[in-house]
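Before any comments, here is the structure.
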Amino acid sequence: MRVRVVSSKNEIPNLNPNERIVHLAFRASNVDFLNLMKICPRLRAIQVPPSYRKTMSKAIQLFLEMQGIDLLEGDVWGHRKDIDEYFMVDDETIGEIESMISEGVTIEEATDLIMKKTRLAPDLIKYIAKSKITV
C-alpha cells in the first residue's frame, strides 16, 4: 500500500489524480483540503499529524466525512521525502492484518499487536483492517 507524502501546498496541483491515501506533512488550510479533493477525485483517506488534527476546522472534518474520505491521525516515521515521495506499508503487514481480522481478532487487538511490530499509526492500521473487512 502506498501513502503519498505531501510536504507543501505547492505539491498538490502536481499530484496524480489516482492517489487514494495522502499524508499531509504540513498544516493544511480548508482550501488546501478542497484543492486536494479536486485534484484527487479517488481519494479515500487523508492522514495528518496529531498536532495538526487538533487545529483542523470542524467544517472540513464534516465535509471529508460527507465525501466518504477517512481522516486519519498519525505520522510516517522514518520516511525521507528526498528519497521517495511514497511511504510504503509492507504487503506482509497488510497480510498479517488481513489474517488477524479473518481469524476473528478484533480491530483494536489487531491494532495493538501490529503497533508493537511496526511503527504504523493506529488510525492507519484500523483503516487497513476496515478496508479488508469490506473487501
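Everything in the sequence shown is counted per our numbering, starting at -5 for the first residue and increasing by one.
Ideal placement from N, C-alpha and C gives every residue a C-beta, glycine not left out.
Name, in chain order, the residues that DSSP records as bridge partners for Phe133. What is shown of the chain runs -5 to 129, which leaves residue 133 out entirely.
Proximity below 8 Å, CB of Asn24 to CB of Ile54: yes
Can you tell me which of Glu13, Met(-5), Val(-3) and Ala19 puts its alpha carbon nearest to the alpha carbon of Asn4? Ala19
Coarse secondary structure for Ile122, derived from DSSP in three states: helix
The stretch 29 to 41 / the stretch 86 to 97 touching (three or more Cβ pairs under 8 Å): no
To the nearest angstrom, how far is it from the Cα of Leu58 to the Cα of Met82? 24 Å
Tell me the DSSP bridge mates of Asp64? Ala39
For Val(-1), which option in Asp117, Thr49 and Asp78 has the closest C-alpha, if you only look at C-alpha atoms? Asp78
Sort Glu103, Leu28 and Ile6 by Cα distance to Ala123 and report the nearest one. Glu103
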